[in-house]
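For what it's worth, the working numbering labels the leading residue of the sequence shown as 1, then goes sequentially. Every residue, glycine too, gets a C-beta built ideally from N, C-alpha and C. Shown next, in structure tokens, is the structure this report addresses.
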Amino acid sequence: MRPDDLIGYFAAFLTTFSFLPQAWHTFQTRDVSGISLGMYSSFTLGIAMWLAYGLMVSAWPVVVANAITLVLALAILTMKLRFGRS
């Protein structure tokens with residue numbers, strides 16, 4: 001593996017897994033009161049765009065990180081839409 005790929009995978013690991021505690025907390029509590037719908041919507045769209053970019057240029061660290069983050073972000077966004085109205 002090339003050194004630049006190692007740096008990319010390490011950066012992907014750190015940024016993706018730093019997201020996990022917040023996602024886990026949201027899944028457990030279903031408390032979405034502190035989550036901005038506008039911010040999370042644009043964040044999720046941005047993650048989807050990064051994933052598309054990574055696929056287009058075959059940047060696998062970008063693809064892996066953003067695929068995982070997109071699943072988590074979509075789950076939280078779905079919870080915000082479902083539980084944020086009550």
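Whether residue i touches residue j by CB criterion (8 Å)
i	j	result
Lys-80	Leu-37	yes
Gly-8	Val-63	no
Leu-51	Ala-67	yes
Ala-65	Ala-12	yes
Arg-30	Phe-83	yes
Span separating the alpha-carbon of residue i from that of residue j
i	j	result
Ile-76	Ala-48	14 Å
Leu-70	Leu-55	14 Å
Ser-41	Asp-4	31 Å
Thr-44	Ser-18	16 Å
Burial state of residue i (16 or more Cβ within 10 Å)
i	result
Tyr-53	exposed
Val-32	buried
Thr-15	exposed
Thr-78	exposed
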